[in-house]
Structures are given as C-alpha cells and as structure tokens.
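> Residue numbers (my numbering): 50 to 809.
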Amino acid sequence: MAPTDHDDEPTTPTGADLHESSRVQPGESTTESTTELATVHPLPVTSGPAIEGELVSEEEWRLLTSQRAQAAWRYQQYRENAVALARVTRTAVTHDRTKRAGKFLLRNSVAYPFAGAGVVAKRWRDMHGASRYERMMRQAERDGNHDRLLEWEARDVAEKQRRHERVMDWVRSPIVLAKAALLYSVGAVVLLLTLGFILWIAGKGSMLGPIEAIVDAIAFCIWFVMAYGAFLLVGGSVAMLAYLWNLGRTRPQSTGWFAPPEVVGEVVNLTPSIVVAALRDLGIRVLRDAIKSDADFGARMLSMITRYGPGSQVEITLPPQVTASQVMNLRETLAGNLDRKAHEVQFERSPDSERQVTLWVADSGALDRKLPDSPLLDPDFGPVDIYRDTMPWGVDVKGDPVGLNLLQQHLLLCGLSKQGKTAAARSLVLWLMLDPSSRLWLADLKGFGDWSMFEGLAEILIEGAGAENFIATSDMLEAAVAEMAARYERWRAMGRKGDIGREDSLPGSGFEPLFVVVDEVQKLFGCAVEHPDGGDIGGNGKKSRAARAAQALHDQARAVNVHFLEFSQNPTNANLPAIVREGAMIRASLYVGTESIARMALGEAAVDTGAAPHALRAGLDRGTVVLAPGESMDLPNGATHTTVRTHFISTEQAYDVAERATAFRQNVAQRAVVADERDLLDDLAAVFEIGEDQVKDTDLVSRLRKLAGPNYASYGKRFTGTRLRDLCSELEIEIKRRNGYWYVSSHSVFTVRGARDASE
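1. Could you say if the segment 547-561 and the segment 589-605 meet the contact criterion of at least three C-beta pairs nearer than 8 Å?
2. Return the residue from the list M176, P450, A227 and L461 that minimises the CA-CA distance to H612.
3. Closer than 9 Å, CB to CB, is T114 near chain B or not?
4. Identify every run of the beta strand (DSSP E) within the segment 738-787, keeping only runs that are complete inside it and at least 3 residues long; order them along the chain.
5. Going straight from the alpha carbon of R488 to that of M502, what length do you get?
6. Could you tell me whether the Cβ atoms of L563 and A529 are closer together than 9 Å?
7. Can you list the alpha helix (DSSP H) stretches of 4 or more residues lying completely in the segment 494-572, in chain order?
8. Excluding the 5 residues flanking T621 on each side, which residues of the same chain have their C-beta closer than 6 Å to its C-beta?
9. If we count the other Cβ atoms within 10 Å of its Cβ and call it buried at 16 or more, is C270 buried or exposed?
10. Going by Cα to Cα distance, which pick from P98, I365, A288 and D742 is closest to P162?
11. Going by beta-carbon coordinates alone, are D568 and A507 separated by less than 9 Å?
12. Buried or exposed for V239, going by 16 or more other Cβ atoms inside 10 Å?
13. Just mark H392 as buried or exposed, buried being the case when its beta carbon has 16 or more other beta carbons within 10 Å.
14. Report, in whole angstroms, the separation of the C-beta atoms of Y640 and A677, which I expect to be a contact under 8 Å.
15. Over what stretch of residues does the beta strand (DSSP E) that includes Q362 continue unbroken?
16. Taking the alpha-carbon positions, what's the Q571 to Q618 distance?
17. In its own chain, which residues sit with a C-beta less than 8 Å from the C-beta of S17, not counting the 5 before and 5 after it?
18. Would you call the segment 641-650 in contact with the segment 414-434, where contact means no fewer than 3 C-beta pairs closer than 8 Å?
19. For the beta strand (DSSP E) containing C463, name the first residue and the last one.
20. Looking at C-beta atoms only, is the number of pairs between the segment 510-524 and the segment 463-483 that lie closer than 8 Å three or more?
21. Enumerated in chain order, which unbroken segments of the alpha helix (DSSP H) with a length of 4 residues or greater are wholly contained in the segment 622-665?
22. Whose C-alpha, out of F396, D434 and M440, is nearest the C-alpha of V446?
23. Helix, strand or coil, according to DSSP, for E311 in the structure here?
24. So L351 and V363 are supposed to be a Cβ contact under 8 Å. How far apart are they, rounded?
25. Pick from G584, A251 and S797: whose alpha carbon is nearest that of D742?
26. Cα separation between T658 and P485?
27. G121: buried (16+ other C-beta within 10 angstroms of its C-beta) or exposed?
28. Measure the CB-CB distance between E208 and L198 and report whether it falls below 9 Å.
29. Could you tell me the distance, in whole angstroms, from the CA atom of G443 to the CA atom of A688?
30. First and last residue of the alpha helix (DSSP H) that includes G347?
31. Mark T695 as exposed unless 16 or more other C-beta atoms lie within 10 angstroms of its C-beta, in which case mark it buried.
32. Assign E315 to buried or exposed, taking buried as 16 or more other Cβ atoms, counted over all protein chains shown, within 10 Å of its Cβ.
33. What's the C-alpha gap between Q719 and A757?
34. Determine which residues share a DSSP beta bridge with R488 and list them.
35. What residue from S158, G252, A373 and S423 has the CA that sits closest to A291's CA?
36. Rounded to a whole number of angstroms, what is the C-alpha to C-alpha distance between D585 and H663?
In structure tokens form, the structure reads like this:
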C-alpha cells in the first residue's frame, strides 16, 4: 500500500455522533443530558508495516553512531582486561601451589644436578689435593687434639710427596708413551704379517688378510660411532645427569630457597643411623655391644622406615638377650635420644616374638595440633544404627579415624580428674542415643550437671552423690539384672535361638539395646552405705550388692542386649574391684599417675605390650585415651591397644545433640503408630501391578516390605512366604501352586477386599 493510500472514513466519533448519543433517553437523568462535550477533530490515519526496534539510551546511541565513543569504549575494555589479567597472573604466580611447583621444578632440574656436580668436584679435589688433610688438621686443632694434628700433618706431607711424584711421571710420560706406542705398533704389524704369511702358505687367504680385517674393524667402529653416536651421547648425558641429580638430592646440606618445605615442628628426620644411635645409647649393655661389634648389625635390625600419618614407623628386631619389654621400659630415654617427647614415641610389641617391636615416632608437635570437630556436631548427622554403624570417637595418633563398636560390649573408662573423662564418656552415650531404638539408664554420682541433657532421653536419671543416690544406683543395677533375666525368659518362651538381630530389637520388641551407665562408679563401690533391704552397697567382695549386680551384668547381660558402661577416676582394688574391672570387654584410660594404675585400668596384657596411659602428659593430653578394644576392633598387626585423641563436645553442644536424638525418637514413634495400623488387604491391593493376575508369594513379601518402609513394620524378618499364605488362607484369598511355587490371585484379593468394604 502506498503511503497516501488510506481510508478517509473517520475512525473516531464525530461531534454529531456524540451529540446524537448524548440525547436524553427515557428514564435518564436530565443532569447528564445537559453536559456538553468538547468538539472532536478527527486526525488522518494511515496503515503501514509494523516498526520493530529497541529503546536505547543516549550513551548507547553514541556507541552505535560515534567512532570516538567506540574507540573510548574499546580502550576502557582493554584497560579492564589488562587489570584483570594482571590480578589473575599475580594471584597465580604468588599462590603457594605455584611456589611449591616452581621450587620442585627448579630443585630437581637445577639445584640437585648442580649440587651433585659440586659433590663430584669436591671429591675430585679431595682425591687430588690437600684440602681434605687441611680440613682435618683444622678440626684437630680446634678440638685441641695435638696427636691427631701431627698425624694428619704427616699424612699431608706424604700425600704431597706422592702427588709430586705423579706430576713428574706425567712430565716423563709423553716420551715413554711414544716409545711404547711405536714398539707396540711395530710388534702388532709383525704379528699380523706373520699370521697372514701362515694363512697364505696354507691357502686360506691373502698375506694382508689380517691387516685388512683390522682396517675393516676400525671402519665398522667409525661407522657405528657416526650412526649411533648421538644415542650414546644422549644416553651417557642422561646417565650422568641422573647420577649428579641423585648425589645432589642425597647430600646432607640443604638447597637453600629450593629446599622442600619441612614439617612444622620437625626437629630431626628419622633415619636409620639416628634410630640405631638412639637404641645404642639406651644403656642396655647387650644391645650396645651388638651394635658396636658389627657395623652392619644396626642396618639389619631395622626394617625400611616409612611415613605413617604425622610421623614415621620402623620395625625393630632386637638382638638375642634383649626383649621388647626392656626397650619399652626406657621410653623416656629413647624419646630423648630421638629428640622427642615421651608421648610422641609409641610402641607396639609383636605378639609372635619378644624380640620384635614396632616403633612409631611422631613429628615434633604433631600430636598437639587441633582435632577436627566431632561428626556428631553436624546437624545432619543421624540417626544411627548401632547394629550397622560405629561410634566416631576420634583419631589415633597416626591420624586414622577410630570407630568404636559398642553393640553387646561392656566398657570401662578410667582417668584422673580434669583430664577430659566426662567429655569423652558423654560423647559415647550421645552417639548411642542417636539410635532411636536404644534405651538408657544413667547414674551420675557427681551431680554437677554434666549429664543433665539426657533428661527425657534416659528412662532412669540419677544425679548426685548422696546416700539415697547410692541406694538408687544399686537398685538400678539390680533392676538391670532382673531385666536381663526377663529377656532370657522371653527369648526361650519364643522358641528363638541365636543372637538378637536388628529386626528383633526394634522399639517395642522388649529386646531394645539397653545401656546402663554409671559415672564416677568408684564412689559406688567405695561407699559405706547399707541398703535398706540389707547388705552393703559398696565394697570389693561378693557381699557388695553393687559388685554382685555388676558381675552378673558382665557375665550374661550382653547376649540379651543389656550393656554396662562404667566411668571411674583413679581405680584401685578398693574402689573398683577386680571382679568388676575384668568383666569389661572394652577398656580405656586417660592419663593416670602410675603404671600399676594403668594395669588396673587396661589390664596386664595391654600394658605389657606397650600401652602407657601413665606416659601421657597431665593437663596437656586432655581427651587422649589409651584404648584396649578387645574384640570390638581389628587393630593392625594384632596390636592390643591404640591411642585415641577423642573429639571434644562441650556441654552446650551436648544439649544440641540430645535435642536431635529426642527428635529422632519422636519421628520413630510416629512411624511406629502408623505402621501398627497397616492393613494386609489394602497393602496387597497396593502392591499388585496393573494387569497382573497372579504373583509369587515371596515376591509379594518383598513388595510389602518395600511399601512398609525402612523398618518393615509388621512385615519383618518373621514375615515369610509361608506366613503370607497362612494369612491369605484366613482371609479366604485364593492361593494356587504352579511349577513348585505358590501364587496369590489378584482377582481374589480385590474380591475379598470389596466384600469387606461392602459389609462395613
């Protein structure tokens, strides 16, 4: 359409139209009719194609139309890119990883080869000069050893005389060598001609044949060198560089700025010579004589030194007449010889030989570094399953995480006051409560509020050290014995055999894991309170009600999921009887004062094989536990103990974990209520897929368990295909046998369900 082609008809109302529309209609107000409108002037209207565009600002318009603005914008972008590139480059160049990589490359490509060349040059100078003798003379003079000084002076004079004679030999050697070369050449030519003459007489070749063979051999050598000389040169150069690199790498002096970063706190590197010297200076005469009499014995008695966590480890085979116990008894002396503290030296005696011991030496200060937070402090941690999971108690001194299995294990934890015993013990119980199926009976005989966060979680909570609390704690232990006996009776009445599994110990089963915990248990056994029903509560004999109950729990309780956890200070035969100590499967100890107390806490076997809680540092090693886990953990190389740096959980943080455990239990209780209301007919109807006429009974069991959720509800371990067929028979659901398998009819299920719904 042309720009002038348009419709002249007005597209807006004219004045006449408006006047017409403004006439008063019947029933309308006269006030509205008297209102006069302004005159409307129609504007010409044309039609054309739609205009597409984008609204731009004045600055954007200048960028689109002005070359000067475009140039200024480009220069601005160049400057910004240059600044960004400079920042990225500076960050990359100054980054620690870049520095370490650069040092590594320079160290191995420049520093080590040049250092090796320096070693070679020094060796050559020592072999062909007097610098070595002069150095030894200066050393003897500094030491004031005049006899040694005179000896080295005599050696220096003799060496200079030999060197002078060698120089004179080199002066005379050209004439001698020329005469010898001429004589050898004439002799060789005569020999070859004689050999050729013999061959010519025998008709085996020409007279010049041997000489021609020599010439051919020389030509072959020249050809070989010309053809493969580059490979020989490259190979020789690489071998020479490798030799120089190894010399530079192994030389004792550091390479200055190129040196690799040292471990923080490292005093000395653990080398075979240092270990042998430390063992030699222990003061054991047989060991010292064995090392001194044979220079190679020290190397034979050590295995290869390897890095293990924040330290180094080596296996030692001691000479005859020297036992591992003798060396372990000198722990402090050995630590001093190695420039370490006593707690930084760990022993593991081999169970197979009294002469073999594994020595682990920590890097200086490595065991004083801060531990990471406990996994229990993670808000997303839990719930746990004590049948499946292990308690993340901390890490051992070698940096490996320690997971403690507490299921069907009795535990004893000892230690002096103010060493972190309560925090270490409380973290164990907090983890146990994160399993919604576990139950807790708790007695805190100190009563300072360290265990108050378990109120609401513990079915029994006793706090305080009064006589009434001793009586209540004794009653709690005797009630645990009664609970143990009742569980045995129920298990036998059910006709069950074997261990109690996860399905048998769910909430409401009567076999839930029950943990009986007593903190400051030494007060209970050391008290002089008499029970109202007769008999002493404390004491170390069989007349003690508490000791008898504890012994009964240790003997039989764990088989029916009843556990006894004891936490004690400074155990003695008076406040912690042997019949109670020896019943614990897991035994642990923080710092204690003497080895005899350590033996009471951990047992003879652990201390005899190197466990030394008395070697820990009072106040500095808070929360560090020497653990003898028994059969609850598999320790490497058959070890009987390990040292654990436990995670710390403060009292405030313990309240948060306890609240999380309470929430888990509420959720489980709600799920249990819903699970008890399940209906088999409804569940069967839900698990049949569309178009299925018959389904095998065992497949239906799997579908029902999946439908019920993680705890299976009523479709647990005892719900088998046979049980399903019995229930279906009671409900008159059709079951048929085909090819040796039982099948349930979906039509019958829906028919029975419909009839039931209709009757209801």
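Think of the CB as a built atom: it goes at the ideal place given N, C-alpha and C, for glycine as much as any other residue.
Based on what the coordinates show:
1. no
2. Working through the sequence shown from its first residue, we reach residue 612 at position 563. Closest option to H612, Cα to Cα, is L461.
3. The structure shown contains no chain B, having only a single protein chain.
4. 743-745 and 784-787
5. Within the sequence shown, numbered from 1, the residue matching residue 488 stands at position 439. Within the sequence shown, numbered from 1, the residue matching residue 502 stands at position 453. Each residue's Cα considered, the two are about 15 Å apart.
6. Here residue 563 is taken as the residue at index 514 of the sequence shown, counted from 1. Here residue 529 is taken as the residue at index 480 of the sequence shown, counted from 1. Yes, Cβ-Cβ distance for L563 and A529 is below 9 Å.
7. 516-542
8. As a working note, residue 621 is residue 572 in the sequence shown. Contacts found: none.
9. The residue given as residue 270 occupies position 221 in the sequence shown. Under this definition C270 is an exposed residue.
10. In the sequence shown, the residue the question calls residue 162 occupies position 113. The candidate whose alpha carbon is nearest that of P162 is A288.
11. If you number the sequence shown from 1, residue 568 lands on position 519. If you number the sequence shown from 1, residue 507 lands on position 458. Result no, Cβ atoms of D568 and A507 do not sit closer than 9 Å.
12. Position 190 of the sequence shown, counted from the first residue, corresponds to residue 239. Burial call: exposed.
13. Your numbering for residue 392 matches position 343 in the sequence shown. The residue in question, H392, is buried, as its Cβ has 16 or more Cβ neighbours within 10 Å.
14. Working through the sequence shown from its first residue, we reach residue 640 at position 591. Working through the sequence shown from its first residue, we reach residue 677 at position 628. 16 Å between Cβ atoms; not a contact.
15. Translated into the one-based positions of the sequence shown, residue 362 becomes position 313. Where Q362 is concerned, the enclosing beta strand (DSSP E) stretches over G360 to T366.
16. The sequence position of residue 571 within the sequence shown is 522, counting from 1. The sequence position of residue 618 within the sequence shown is 569, counting from 1. For Q571 and Q618, the distance between alpha carbons rounds to 7 Å.
17. It is not possible to answer for residue 17, since the shown part of the chain is limited to 50 through 809.
18. no
19. Locating residue 463 in the sequence shown gives position 414, where the first residue counts as 1. Counting along the chain, the beta strand (DSSP E) containing C463 begins and ends at L460 to C463.
20. no
21. 627-630, 644-651 and 653-657
22. As a working note, residue 446 is residue 397 in the sequence shown. Of F396, D434 and M440, the residue nearest in Cα terms is F396.
23. The sequence position of residue 311 within the sequence shown is 262, counting from 1. Legend: pLDDT at E311 = 48, less than 50; position of this residue unreliable, no value from coordinates given.
24. Mapped onto the sequence shown, residue 351 falls at position 302. Mapped onto the sequence shown, residue 363 falls at position 314. 6 Å between Cβ atoms; contact.
25. Within the sequence shown, numbered from 1, the residue matching residue 742 stands at position 693. The shortest Cα separation from D742 among G584, A251 and S797 belongs to S797.
26. Taking the first residue of the sequence shown as 1, we reach residue 658 at position 609. Taking the first residue of the sequence shown as 1, we reach residue 485 at position 436. Approximately 39 Å between the Cα atoms of the pair.
27. Sequence index remark: in the sequence shown, residue 121 carries index 72 (1-based). The question names Gly, but residue 121 is Ala in the sequence shown. Exposed, since its Cβ has fewer than 16 Cβ neighbours within 10 Å.
28. Counting from 1 along the sequence shown, the entry for residue 208 is found at position 159. Counting from 1 along the sequence shown, the entry for residue 198 is found at position 149. Result no, Cβ atoms of E208 and L198 do not sit closer than 9 Å.
29. Walking along the sequence shown from the start, residue 443 turns up at place 394. Walking along the sequence shown from the start, residue 688 turns up at place 639. Straight-line Cα distance between these residues: approximately 18 Å.
30. Position 298 of the sequence shown, counted from the first residue, corresponds to residue 347. From DSSP, the alpha helix (DSSP H) with G347 extends over F346 to R349.
31. In the sequence shown, residue 695 corresponds to position 646, counting from 1. With 16 or more other Cβ atoms within 10 Å, it is buried.
32. The residue you call residue 315 lines up with position 266 of the sequence shown. Because E315 carries a pLDDT of 44, less than 50, the predicted location of this residue cannot be relied on, and the following value inherits that uncertainty. The residue in question, E315, is exposed, as its Cβ has fewer than 16 Cβ neighbours within 10 Å.
33. What you label residue 719 is simply residue 670 of the sequence shown in a count that begins at 1. What you label residue 757 is simply residue 708 of the sequence shown in a count that begins at 1. Summary for Q719: the model assigns pLDDT 45, below 50, so the residue's position carries little reliability, and this model does not support an answer.
34. Counted from its first residue, the sequence shown places residue 488 at position 439. For R488, which the question treats as bridged, DSSP gives the partners L563.
35. Along the sequence shown, one-based indexing puts residue 291 at 242. Of the candidates S158, G252, A373 and S423, the one whose C-alpha sits nearest the C-alpha of A291 is S158.
36. By 1-based counting over the sequence shown, the position of residue 585 is 536. By 1-based counting over the sequence shown, the position of residue 663 is 614. Roughly 33 Å between the two C-alpha positions.
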